[in-house]
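Notes to accompany the following structure.
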Amino acid sequence: MPSFEPVIALSRGLEILRVLNAERRSTVGSLHKATGLNKATIVRMLETLEHEGYVMRDAARSEYLPTGRCLLLSHGYDQHLWIGGVAEPIMHEFRKQIGWPSDIAIFDRDAMIVAQTTREPGSMLFSRRPGFRFPLLSTSMGRAYLAFCPPEQQERIISLLAAIPGKSTDLARQPKKLAQLLAEVREKGYALMDDSYSQHVFDGRVWAMGVPVRDGDEVFASINIMMLHGVISVEDAVKGFLGPLQETAAQIAAALTDKFRATLWAPGGAKAD
924 MPSFEPVIAL SRGLEILRVL NAERRSTVGS LHKATGLNKA TIVRMLETLE HEGYVMRDAA
984 RSEYLPTGRC LLLSHGYDQH LWIGGVAEPI MHEFRKQIGW PSDIAIFDRD AMIVAQTTRE
1044 PGSMLFSRRP GFRFPLLSTS MGRAYLAFCP PEQQERIISL LAAIPGKSTD LARQPKKLAQ
1104 LLAEVREKGY ALMDDSYSQH VFDGRVWAMG VPVRDGDEVF ASINIMMLHG VISVEDAVKG
1164 FLGPLQETAA QIAAALTDKF RATLWAPGGA KAD
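Position in the sequence shown (first residue = 1) + 923 = the numbering used here.
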């Protein structure tokens, strides 16, 4: 149990900063819509963050932008880079095999983070770099992770998401609908991007199929294939790509397991302290 009650003002400030980084350019109105906080509180938080150098204000457009100082907050986090480095050569071989780009992502408390990608630089539709954070409930990788993670963890994640206001977490407050969706993912062995997310982020032109990267009950990450509507259907993609995608996920899981085990042993076969 924590020693003290959470500092509400700090929690609100961090939430504003999180949304601001996700939106890139925010207004008081967009932050109010995303967080549910009243506008006076949002203005105080923005002015504080601006004073500390994490936010700058575009007065001409009445918009707020994150500054480069925000990068300092992530310097200590590198798990996604470690997993991405292990997965990279396997993913690039997979890209050669199927011709479509893929991402691998890890779970991070209430969202997923891209760890590695085979998307080509310069593509506006497929532009998502390692470190990009995205929602669980509307994406193929988020759904794949949630469907196959241990029941206790799944319950904790859903409870956390249900307490977060916004459209991206609405499904967490619909337990029957969400349970049915996750059961279908487990039965089929893959998850699909929600159409509303595709429409919002990719103008409806992109869709994705995702599977978990796991070793038994342990889910390390999830991996997808990004495809274009009008070029390949779900039926054709499942028929042609699901098997290779699952095989690739298994290869990455084996590589991660081997790499992790190797870190537990010092040279010469002596276990590391």
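For glycine and all other residues, C-beta sits at the position ideal for the given N, C-alpha and C.
- Collapsing the DSSP output to three states places Gly1133 in a strand.
- Taking Gly959 as the centre and dropping the five residues before and after it, the same chain places the C-beta of Pro1088 closer than 7 Å to its C-beta, in chain order.
- For Ser1063, same chain residues with a beta-carbon under 6 Å away, outside a window of 5 residues either side, are Ala1114, Leu1115, Met1116, Ala1131, Met1132, Gly1133, Asn1147 in chain order.
- Counting C-beta pairs closer than 8 Å gives fewer than three between the region 1140–1155 and the region 1101–1110, which falls short of the contact rule.
- Under the DSSP definition of a beta bridge, Arg980 partners with Tyr987.
- Closest by C-alpha distance to Phe1055, out of Asn944, Ala1177, Pro1167, is Asn944.
- Out of Gly976, Glu1078, His1152, the CA that lies nearest to the CA of Gln1122 is found in His1152.
- Judged by DSSP in its simplified three-state form, Phe1055 adopts coil rather than helix or strand.
- Closest by C-alpha distance to Arg1128, out of Leu1094, Arg1137, Pro1135, Asp1118, is Asp1118.
- Following the DSSP letters along the chain, one finds Leu940 inside the alpha helix (DSSP H) bounded by residues 931–946.
- A direct Cα-Cα distance of roughly 10 Å separates Thr1041 from Met1149.
- Among the bridge pairs identified by DSSP, Met1035 is matched with Phe1030, Phe1057.
- DSSP, reduced to helix, strand and coil, places Ile1146 within a strand of the structure shown.
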